[in-house]
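Which chain is which? The protein sequence lines are S and P, in order. Offset between the first sequence (1-based) and our numbering: plus 29. Offset between the second sequence (1-based) and our numbering: plus 20. We treat Cβ as the ideally placed atom computed from N, Cα and C, and that holds for glycine. Computed from a prediction, not measured in an experiment: that's the story for all the values here.
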Amino acid sequence: MTEKIATRQAYGEALVELGKEYDNLVVMDADLSGSTKTAMFGKEFPDRFFNMGIAEQNMYGAATGLALSGKIVCASTFSMFATGRAFEVIRNSVGYTEANVKVCASHAGITVGEDGASHQTFEDIALMRTIPGMTVVNPSDAVATKKLLRQIVEMDGPCYFRVGRSAVPVFYSEADEIVLGKGNLVRDGRDVAIIATGIMVNEAFEAAKTLAAEGIDARVIDIHTIKPIDEEIIIKAAQETYGIVTAEEHSIIGGLGDAVAQVVVKNAPCKMAMVGQLDTFGESGKPDELRAKYHMTAADIVAAAKSLL
Amino acid sequence: MDIKELKRTAFDVRIGIIKALNNAGSGHPGGSLSMADIVTALYFDEMNIDPNDPKMKGRDKCIFSKGHAGPAQLSAMAVRGFFPMEDFMTLRKLGSIFQGHPNIMIPGIEMSTGSLGQGFSVAGGMAMANKLDEDPGRIYCVLGDGEIQEGLVWEVAMSAAHYKLDNLVAIVDHNGLQIDGRNEDVMNVMPIDEKFAGFGWNVVKINGHDFGEIQDAFTKARNCKDKPTVIIAETIKGKGVSFMENQAGWHGKAPDDEQTKQALAELEAAKNLSVSVEYGESDGELLAAANLASGNETNYEVN
């Protein structure tokens, strides 16, 4: 059976590794360091770890001050409070000054599970995409999380980095090349293209297997960097298949689906279907139960793919 | 710089504010003028800065969290030589680095502000960075009294005390007025001193137009260890221009050409008098004398 690791766990471990290499790496949290896994960095580098208490706006403001003073700052809390509550600080302080702040938010999407709708963020990618100069990254597994975190730490400028709460299958191997800004062709195929992000990449891969058994050849692409988006790989998919299904653990409004659609309508219009959170709030439940109820499973991708053919 | 020279310089700063806002055709004279004396003291006396090397290591930093009063800071910086005064006269014009609110594109501006509370939060972060790096630079942050209605301000108040940021000095421009009127009518902010003291700050109260008290307050801040300092400066909105003083209506509108002529005449006359008069008398007397000298015997009524 495939190993399962939460991307937040990989994030916490990667921070410790990076902290050893970059002595100007500073990590901040807003009283959720056990959940976001920044506590591991705090234990290793107490001088460079700041718990700002339950005050997300001030965390991103202070992060900007630290970044403008030469620090690389990874500031973590739940996605809801980072991108929701602190949005305007991230827009005006982090974004407008192009500060070297990485908004590393965990517990995004429906797989937060039992905490329910107040904590299930479906708007974060949409919000972060609209800020000029903001790089938006949504890694799909533990390997991608580690490889991409390194690249955003090495990159100068603001970034939104989204990780999840639940353990998800690790399908990349250390040897796989994962490059910021470049989509990964996970599986080639000619009938339909499934363009997925985050934990939905694994679902897309499973969907492709099901489709293959029915004689449908699906291409699977991992768009871990939603902004700037890899236009080339999307245009190619639009031209070489009969249609595109997007799959994301995020609202179908403003997220990956819209980002892909913008590329497609400008360059190579094709049929599209979007799998993601519909225009509704979530509820409490087990992550897998919720993904089933809110239509974010491999089966939903299969149905969407068939609707295009 | 001695007090007499600081006073004279503050007139130049005020003249720069009025000219720039008149050129721009919009902006915030009231809160800029109320901060003109303190910002003069910061840029000409208190802060360790070099206009020829705005990124100097170990420098002190000043952030106007009340970004709408940025013209006070920018005018002082122009007089100090960070950039030519004529460049500052492009304030608010298309393509200028002198945006409607302070912007880090400008040499010597440390943070882009305008959205209230955020400059203070960033100032706190800079103070944390300096502690971490053992950088001697001090961080001065100017807040409006209306601005402290923002919840973020109190998040900063809490974290700055928690992290013992004795290299951070907040200056509250307590002119008592905000856009919609008097603080106490819009949303009472008093008592400001007890609030900050309760959060664990060192509190110093001064007359924000008295250079002796301003210098004293900065010294007290420097001598206070393990606590951030807040200087609550009692000020007059529109200070130095008779028809703008204590008028909420002058929060956010620029003087027209006629009003500018009048304001500049008052400021020039008061400046000239200040060269010849020994200070000791009140500013009010000086202003009255200046009014007489410039031929304006009465204050303007402004709608």
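Following the continuous beta strand (DSSP E) through residue i, name the residue where it begins and the one where it ends.
{"i": "P:Pro211", "result": "Premise fails: P:Pro211 is in no beta strand (DSSP E) and is neither H nor E."}
{"i": "P:Asp193", "result": "Leu188 to His194"}
{"i": "S:Asp217", "result": "From DSSP, S:Asp217 is part of no beta strand (DSSP E); its letter is neither H nor E."}
{"i": "P:Ala61", "result": "That residue, P:Ala61, is in no beta strand (DSSP E); its alpha helix (DSSP H) goes Ala56 to Ala61."}
{"i": "P:Ala163", "result": "Note that residue 163 of chain P is Leu in the sequence shown, not Ala. Where P:Leu163 is concerned, the enclosing beta strand (DSSP E) stretches over Ile159 to Gly164."}
{"i": "S:Thr254", "result": "Thr254 to Lys256"}
{"i": "P:Lys27", "result": "No beta strand (DSSP E) contains P:Lys27, which is instead part of the alpha helix (DSSP H) from Ile23 to Ala44."}
{"i": "S:Met301", "result": "Lys300 to Gln306"}
{"i": "P:Thr249", "result": "Thr249 to Glu254"}
{"i": "P:Asp73", "result": "Neither: P:Asp73 is in no beta strand (DSSP E) and is coded neither H nor E."}
{"i": "S:Arg248", "result": "Ala247 to Asp251"}
{"i": "S:Phe70", "result": "No beta strand (DSSP E) contains S:Phe70, which is instead part of the alpha helix (DSSP H) from Ala68 to Glu73."}
{"i": "S:Lys33", "result": "Lys33 to Ala35"}
{"i": "S:Asn231", "result": "Looking at the DSSP string, S:Asn231 is not in any beta strand (DSSP E); the run it does join, the alpha helix (DSSP H), is Met229 to Ala242."}
{"i": "S:Ala225", "result": "Val221 to Ala225"}
Just how far apart, CA to CA, sit residue i and residue j?
{"i": "S:Ile154", "j": "S:Ala321", "result": "22 Å"}
{"i": "S:Val249", "j": "S:Tyr271", "result": "14 Å"}
{"i": "P:Ala44", "j": "P:Ser116", "result": "11 Å"}
{"i": "P:Glu301", "j": "S:Thr106", "result": "Its pLDDT being 47, under 50, P:Glu301 is placed unreliably by the model, and nothing is read from it."}
{"i": "S:Ile207", "j": "S:Asp144", "result": "32 Å"}
{"i": "S:Ala334", "j": "S:Val197", "result": "23 Å"}
{"i": "S:Val118", "j": "S:Tyr89", "result": "7 Å"}
{"i": "P:Ala289", "j": "P:Ala61", "result": "21 Å"}
{"i": "P:Phe231", "j": "P:Lys24", "result": "9 Å"}
{"i": "S:Ser64", "j": "S:Gly113", "result": "18 Å"}
{"i": "S:Thr326", "j": "S:Glu32", "result": "19 Å"}
{"i": "S:Ala302", "j": "S:Met163", "result": "26 Å"}
{"i": "P:Asp70", "j": "S:Ala204", "result": "51 Å"}
{"i": "P:Asn319", "j": "S:Ala288", "result": "For P:Asn319, the predicted model reports a pLDDT of 42, less than 50, meaning its position is unreliable and no value from the coordinates is stated."}
{"i": "S:Arg194", "j": "S:Asn213", "result": "23 Å"}
{"i": "S:Ser108", "j": "S:Ala137", "result": "5 Å"}
{"i": "P:Arg79", "j": "P:Asp65", "result": "14 Å"}
{"i": "P:Ser54", "j": "P:Ile226", "result": "13 Å"}
{"i": "S:Glu85", "j": "P:Val142", "result": "13 Å"}
{"i": "S:Ile223", "j": "S:Ala236", "result": "9 Å"}
{"i": "P:Tyr299", "j": "P:Gln235", "result": "Legend: pLDDT at P:Tyr299 = 45, less than 50; position of this residue unreliable, value from coordinates given subsequently. Using only the alpha carbons, I get a separation of about 16 Å."}
How far does the alpha helix (DSSP H) with residue i in it reach, from first residue to last?
{"i": "P:Glu2", "result": "Since the first residue shown for chain P is 21 and the last is 323, residue 2 of chain P is missing from the structure and cannot be characterised."}
{"i": "S:Leu54", "result": "Per DSSP, S:Leu54 belongs to no alpha helix (DSSP H); it is in the beta strand (DSSP E), Leu54 to Asp58."}
{"i": "S:Val192", "result": "Counting along the chain, S:Val192 falls outside any alpha helix (DSSP H), and DSSP gives it neither H nor E."}
{"i": "P:Gln267", "result": "No alpha helix (DSSP H) holds P:Gln267; DSSP gives it neither H nor E."}
{"i": "P:Val99", "result": "Gly90 to Arg100"}
{"i": "S:Thr18", "result": "In the structure displayed, chain S extends from 30 to 338; residue 18 of chain S sits before or after that span and is not available."}
{"i": "P:Asn227", "result": "Careful: P:Asn227 lies outside any alpha helix (DSSP H), inside the beta strand (DSSP E) at Asn222 to Asn227."}
{"i": "S:Ile330", "result": "Ala327 to Leu337"}
{"i": "S:Lys322", "result": "Pro316 to Lys322"}
{"i": "S:Val197", "result": "Where S:Val197 is concerned, there is no enclosing alpha helix (DSSP H), although the beta strand (DSSP E) it sits in stretches over Ala196 to Pro198."}
So, residue i versus residue j, is the Cβ gap smaller than 7 Å?
{"i": "S:Ile342", "j": "S:Val304", "result": "Limits of chain S in this structure are 30 at one end and 338 at the other, which puts residue 342 of chain S out of reach."}
{"i": "S:Ala91", "j": "P:Gly145", "result": "yes"}
{"i": "P:Phe216", "j": "P:Val250", "result": "yes"}
{"i": "P:Pro122", "j": "P:Gly90", "result": "yes"}
{"i": "S:Ile264", "j": "S:Asn296", "result": "yes"}
{"i": "P:Ser132", "j": "P:Gly36", "result": "no"}
{"i": "S:Asp170", "j": "S:Phe151", "result": "no"}
{"i": "S:Phe74", "j": "S:Gly48", "result": "yes"}
{"i": "P:Phe140", "j": "P:Val162", "result": "no"}
{"i": "P:Gly201", "j": "P:Ala92", "result": "no"}
{"i": "S:Ala173", "j": "S:His279", "result": "no"}
{"i": "P:Gly101", "j": "P:Trp270", "result": "no"}
{"i": "P:Gln252", "j": "P:Val192", "result": "The identity of residue 252 of chain P in the sequence shown is Ile, whereas the question assumes Gln. Yes, the pair counts as a contact, with Cβ atoms nearer than the cut-off."}
Check the Cβ of residue i against every Cβ in chain S and list those closer than 8 Å, keeping chain order.
{"i": "P:Gln324", "result": "Lying outside 21 to 323, the shown extent of chain P, residue 324 of chain P is not represented and no answer is given."}
{"i": "P:Gln169", "result": "Ordered by position in chain S, no residue passes the 8 Å Cβ test against P:Gln169, which lies about 14 Å from the chain."}
{"i": "P:Val142", "result": "Gly90, Ala91, Thr93, Gly94, Leu97 and Ser122"}
{"i": "P:Val250", "result": "Correct list: empty, because the minimum Cβ distance to chain S is about 16 Å."}
{"i": "P:Met148", "result": "Phe79, Ala91, Gly94 and Leu95"}
Using a C-beta cutoff of 7 Å, does residue i count as contacting chain A?
{"i": "S:Val118", "result": "Of the chains in the structure shown, none is chain A; the protein chains are S and P."}
Using a C-beta to C-beta distance shorter than 7 Å, which residues of chain P count as neighbours of residue i?
{"i": "S:Met81", "result": "Ser179"}
Residue i versus chain S: which residues are under 9 Å apart at the beta carbon?
{"i": "P:Met131", "result": "Thr93, Gly94, Leu97, Ser122 and Thr126"}
What residues of chain S sit near residue i, judged by a beta carbon separation below 7 Å?
{"i": "P:Ser135", "result": "Glu117 and Asn121"}
{"i": "P:Gly145", "result": "Gly90, Ala91, Ala92, Thr93, Gly94 and Leu95"}
{"i": "P:Ile124", "result": "Thr126"}
List the residues of chain P that residue i touches, going by C-beta distances under 9 Å, in chain order.
{"i": "S:Asp185", "result": "Per Cβ cutoff of 9 Å: no residues; S:Asp185 is ~15 Å from chain P at best."}
{"i": "S:Asp58", "result": "Simply none; closest approach about 13 Å."}
{"i": "S:Asp76", "result": "Leu152"}
> Taking the runs of the beta strand (DSSP E) that are 3 residues or longer, which of them lie wholly in the region 259–288 of chain S?
Replying inline: 272–280
>> Please give me, in chain order, every unbroken run of the beta strand (DSSP E) with length at least 3 that falls completely inside the region 105–188 of chain S.
In response: 130–135 and 164–166
> Which parts of the region 107–161 of chain P are runs of the alpha helix (DSSP H), unbroken and 4 residues or longer, counting only runs that do not cross its ends?
Replying inline: 138–153
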